[in-house]
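Asker:
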Amino acid sequence: MSDSPRKPSISSNRWILGYLMREKAVFLPSLMALFLTAILSLAFPYFLKELVGSPSDALRRSIDPALILERSNRIVLELLAVLGLQAVVAFFRVQGFIRSGESALNNLRSDLYRHLLRLPMSYFHEQRAGALSNRISADLGVVRDTLLNTVPQAVRQSVILVGGLIFIFISSWKLSLIMLSSVPVVVLAVAFFGRKVRAYSKSAQDSLAEAGTVIEETVQGMADVKAFANEDFESRRYGSALERFFDVASRGARSRAAFLAFIIFALFGTISMVIWQGARMLATEQITWTNFASFILFSIFVGASLGSFPEIVSQFQQTSGATERLRELLDAKPERADGDDQAVLRGAVEFEQVSFRYPSRPEARVLDDLSFAVQPGQRVALVGPSGAGKSTVLSLILGFGEPAAGRILFDGREAGEISLRAIRSQMAIVPQEVLLFGGTIRENVGYGKTAATEDEIREACRLANATEFIERLPEGMETVVGPRGVKLSGGQRQRIAIARAILANPRILLLDEATSALDSESERLVNEALERLMQGRTSIVIAHRLSTVRHADRILVFNQGRIVESGTHDEMVAQPGMYRLLVETQLV
Ligand SMILES: Nc1ncnc2c1ncn2[C@@H]1O[C@H](COP(=O)(O)OP(=O)(O)O)[C@@H](O)[C@H]1O
Ligand SMILES: [Mg+2]
7 MSDSPRKPSI SSNRWILGYL MREKAVFLPS LMALFLTAIL SLAFPYFLKE
57 LVGSPSDALR RSIDPALILE RSNRIVLELL AVLGLQAVVA FFRVQGFIRS
107 GESALNNLRS DLYRHLLRLP MSYFHEQRAG ALSNRISADL GVVRDTLLNT
157 VPQAVRQSVI LVGGLIFIFI SSWKLSLIML SSVPVVVLAV AFFGRKVRAY
207 SKSAQDSLAE AGTVIEETVQ GMADVKAFAN EDFESRRYGS ALERFFDVAS
257 RGARSRAAFL AFIIFALFGT ISMVIWQGAR MLATEQITWT NFASFILFSI
307 FVGASLGSFP EIVSQFQQTS GATERLRELL DAKPERADGD DQAVLRGAVE
357 FEQVSFRYPS RPEARVLDDL SFAVQPGQRV ALVGPSGAGK STVLSLILGF
407 GEPAAGRILF DGREAGEISL RAIRSQMAIV PQEVLLFGGT IRENVGYGKT
457 AATEDEIREA CRLANATEFI ERLPEGMETV VGPRGVKLSG GQRQRIAIAR
507 AILANPRILL LDEATSALDS ESERLVNEAL ERLMQGRTSI VIAHRLSTVR
557 HADRILVFNQ GRIVESGTHD EMVAQPGMYR LLVETQLV
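Adding 6 to a residue's 1-based position in the sequence shown gives its number in this note's numbering.
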């Protein structure tokens, strides 16, 4: 139990290292340069020792001041030369580290994104809006920090630590042992407080992320927040999320403060002990002044590098948490990628005793033993109360989910034999609520066929009855529509979606008709455009308007995941039943 979280953290770090090693042409030389600069940085205390130490011993007694001065000059020049060399090498290693680190991160980022794009819809249904992208960018931020700052820091401090230790042992092994005797105490303190601090910092991060989600959600749904005059409610909700964060953060601060106070005491306590002991040794001539000076100078370096380790270790631990989450994401099972990729659909769709449950709500059977068949070019309307499972049928056709039982067939072939790409690229959907991407109208229409020419786009807009309103916009096709197309009305957005579908030229058309009451003029324009779009294609239409339903070749009446009636409009109004009820109450 206790060692199981360790293992992944080691392999997670190795996993990130794998990304760095892809950049080894830049990364390894930078690493070498880092070693070099770290070793060179030990030259500083070394030369200082030479400057401070020597005159007071042998030289001071016998040799004249001119010689001492000359010696100092030489030492300083040597020191400057070494510092210059260090600066040049440091320039290249900083540049190299950043370049290889950012490039490794870019590879990681695009691997993550490519994987994200291949995850099944069910994965996204289970995520809270915004939580996923927030988490990914926060985790990537931590990894980035580590690659660009902590890794170089860790290497550098280790080299300084080891080199410094060698020098202080040469200067005086006795004093070194006294100093090192405090290390176990510090290590124990780090282990004790570190665990607490980490636990608090993790839950602090979590509660801050929670507070962030409040902002994210309200920004997205700002119209609702305002319409319900719930600004105060939301600001209280955010306030209490912040309070929870503050609470955890303050409790973490106590541990952190205790830890720091203890370390500072232990550090300076040890230094005092060492200097006291050193003074005694100096008095009894057990140590030379040069060695004592050298010991103190190198100790400062060793102490500083030791002091940086708790931070480095905690950063690595944070990173392994982040990389584990990122790996979990990469380990999430993607959609199937198998099946015939060249299949050309003729447009027949058949459901054979299909049952379906959403993975997030396994207890609710959303579709129950559903069977129907649509011939190529036919128009089928799905009607029925909200929640009956109509949209779910469309999403199963698109391969967004797998039936729990039964089969879905295209042209008599089982859906699983055909690749999802082949299936989806021969379908188009005009959804209930059209979300436009942030971009121009041209880009939004062009999404139906990314390689479309200007003429094709214009023609699609014309067929979708969209040209007129587009031309009235100040910048025409170049008008930028917001992330949610806020500048366009529902009917206009729908016609953009229709133009997009026309451009895609699908074999099978899926329409989840808007319930939003369009004004009669837009309804006429939208209907006309839809008629053109449906011409010569298999169309499966979720319909709320009698005008659409009436012309369907067949109507399937849904209730609670089952088809309760089917037939043409004329057949079904002729007899009592759910359809006639829907028509009489004007629900269709
Ligand atoms: N992503 C989802 N996760 C869980 N349950 C869902 C999901 N989408 C829809 N449902 C449920 O499935 C049932 C059918 O929904 P839906 O197919 O959207 O109905 P309709 O389009 O006929 O109104 C509803 O009870 C709905 O709550
Ligand atoms: Mg629906």
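Ideal Cβ placement from N, Cα and C applies to all residues, glycine included.
Residue 247: which of 210, 469, 547, 394 sits nearest, CA to CA?
Answerer: Cα-wise, what sits closest to residue 247 is 210.
Asker: State buried or exposed for residue 176, treating a residue as buried only when at least 16 other CB atoms are found within 10 Å of its CB.
Answerer: Flag for residue 176 reads exposed.
Asker: Round the Cβ separation of residue 326 and residue 18 to the nearest angstrom and send it over; I've been treating them as touching at under 8 angstroms.
Answerer: That pair is a contact at about 5 angstroms.
Asker: If you follow the alpha helix (DSSP H) that residue 361 is part of, which residue opens it and which one closes it?
Answerer: Taken as a continuous stretch (DSSP letters only), residue 361 belongs to no alpha helix (DSSP H), being part of the beta strand (DSSP E) at 355 to 362.
Asker: Do residue 588 and residue 545 have their CB atoms nearer than 8 angstroms?
Answerer: No, they are not a contact pair.
Asker: Three-state secondary structure (DSSP) at residue 109?
Answerer: Here residue 109 sits in helix by DSSP.
Asker: What I want to know is whether the C-beta of residue 550 ends up closer than 7 angstroms to one or more non-hydrogen atoms of ligand 1.
Answerer: Answer for residue 550: no, Cβ out of range of ligand 1.
Asker: Near ligand 1, which residues have their beta-carbon less than 5 angstroms from any of its heavy atoms, given in chain order?
Answerer: Listed along the chain, these residues meet the criterion: 131, 364, 366, 367, 372, 392, 393, 394, 395, 396, 397, 398.
Asker: Pull up the DSSP beta-bridge partners for residue 200, would you.
Answerer: For residue 200, which the question treats as bridged, DSSP gives no partner whatsoever.
Asker: Helix, strand or coil for residue 115? Go by DSSP, reduced to three states.
Answerer: Three-state DSSP puts residue 115 in a helix.
Asker: Looking only at its chain, what residues have a beta carbon closer than 7 angstroms to the beta carbon of residue 21, apart from the 5 residues adjacent to it on each side?
Answerer: Result list for residue 21: 329, 333, in chain order.
Asker: Which first and last residues belong to the alpha helix (DSSP H) in which residue 186 is found?
Answerer: Looking at the DSSP string, the run of the alpha helix (DSSP H) that includes residue 186 is 179 to 186.
Asker: Shorter than 7 angstroms, the distance from the beta carbon of residue 438 to the closest heavy atom of ligand 2, or not?
Answerer: Correct: residue 438 has its Cβ closer than 7 angstroms to ligand 2.
Asker: Report the residue from 93, 565, 512, 495 whose alpha carbon sits nearest the alpha carbon of residue 532.
Answerer: Residue 495 is the option with its Cα nearest to residue 532.
Asker: Should residue 182 and residue 103 be called a contact, given that it needs their Cβ atoms to be closer than 8 angstroms?
Answerer: For residue 182 and residue 103, no; Cβs fall outside 8 angstroms.
Asker: Return yes when at least one heavy atom of ligand 2 lies under 7 angstroms from the C-beta of residue 518, else no.
Answerer: Correct: residue 518 has its Cβ closer than 7 angstroms to ligand 2.
Asker: Between residue 566 and residue 318, is the Cβ-Cβ spacing less than 8 angstroms?
Answerer: Contact: no.
Asker: Assess contact between the segment 391 to 398 and the segment 408 to 418, defined as three or more Cβ pairs (one per stretch) separated by less than 8 angstroms. Is contact present?
Answerer: No contact exists between the segment 391 to 398 and the segment 408 to 418.
Asker: Where do the N-terminal and C-terminal ends of the alpha helix (DSSP H) with residue 345 fall, by residue?
Answerer: Unbroken run through residue 345: none, as it is neither H nor E.
Asker: Could you please give me the residues that DSSP links to residue 565 through a beta bridge?
Answerer: DSSP, once it has assigned bridges, lists 568 as partnering residue 565.
Asker: Residues in its own chain within less than 7 angstroms of residue 134 by CB, not counting five upstream and five downstream?
Answerer: Result list for residue 134: 219, in chain order.
Asker: In three-state DSSP terms, what is residue 458?
Answerer: Coil at residue 458, not helix or strand.
Asker: Closest to residue 305 by C-alpha separation, out of 447, 288, 169, 590, would be which residue?
Answerer: When each option's Cα is compared against that of residue 305, the closest is 169.
Asker: Does the beta-carbon of residue 2 have 16 or more other beta-carbons within 10 angstroms, so that it is buried, or is it exposed?
Answerer: A query on residue 2 cannot be resolved here, the shown segment of the chain reaching from 7 to 594 and no further.
Asker: If you draw a straight line from the C-alpha of residue 369 to the C-alpha of residue 508, how long is it?
Answerer: Each residue's alpha carbon lies about 39 angstroms from the other.
Asker: In the DSSP output, what is residue 2 paired with across the bridge?
Answerer: Absent from the structure is residue 2, since the part of the chain shown begins at 7 and ends at 594.
Asker: Sort 240, 232, 148, 590 by Cα distance to residue 322 and report the nearest one.
Answerer: Nearest C-alpha to residue 322: 148.
Asker: Sorted by chain position, which residues of the same chain lie with C-beta nearer than 7 angstroms to residue 61's C-beta, five sequence neighbours on each side aside?
Answerer: With a pLDDT of 49 at residue 61, under the threshold of 50, the modelled position of that residue is not reliable, and no figure is offered here.
Asker: Note down, one range per segment and in chain order, each beta strand (DSSP E) of at least 3 residues found wholly within the segment 389 to 474.
Answerer: Here the runs fully enclosed are 411 to 416, 433 to 436.
Asker: Are there 16 or more other CB atoms within 10 angstroms of the CB of residue 451, so buried, or fewer, so exposed?
Answerer: By the neighbour-count rule (16 or more Cβ atoms within 10 Å), residue 451 is buried.
Asker: Would you call residue 578 buried or exposed, if buried means 16 or more other Cβ atoms sit within 10 Å of its Cβ?
Answerer: Looking at its Cβ environment, which holds 16 or more other Cβ atoms inside 10 Å, residue 578 is buried.
Asker: Can you say whether residue 548 is buried or exposed, counting buried as having 16 or more other CB atoms within 10 angstroms of its CB?
Answerer: So residue 548 ends up on the buried side.
Asker: Whether or not the segment 267 to 286 and the segment 223 to 240 are in contact is what I'm after, with contact meaning three or more pairs of Cβ atoms, one per stretch, closer than 8 angstroms; do they touch?
Answerer: The answer is no - the segment 267 to 286 does not touch the segment 223 to 240, with fewer than three Cβ pairs under 8 angstroms.
Asker: Alpha carbon to alpha carbon, how far is residue 393 from residue 358?
Answerer: The alpha-carbon atoms of residue 393 and residue 358 are separated by roughly 21 angstroms.
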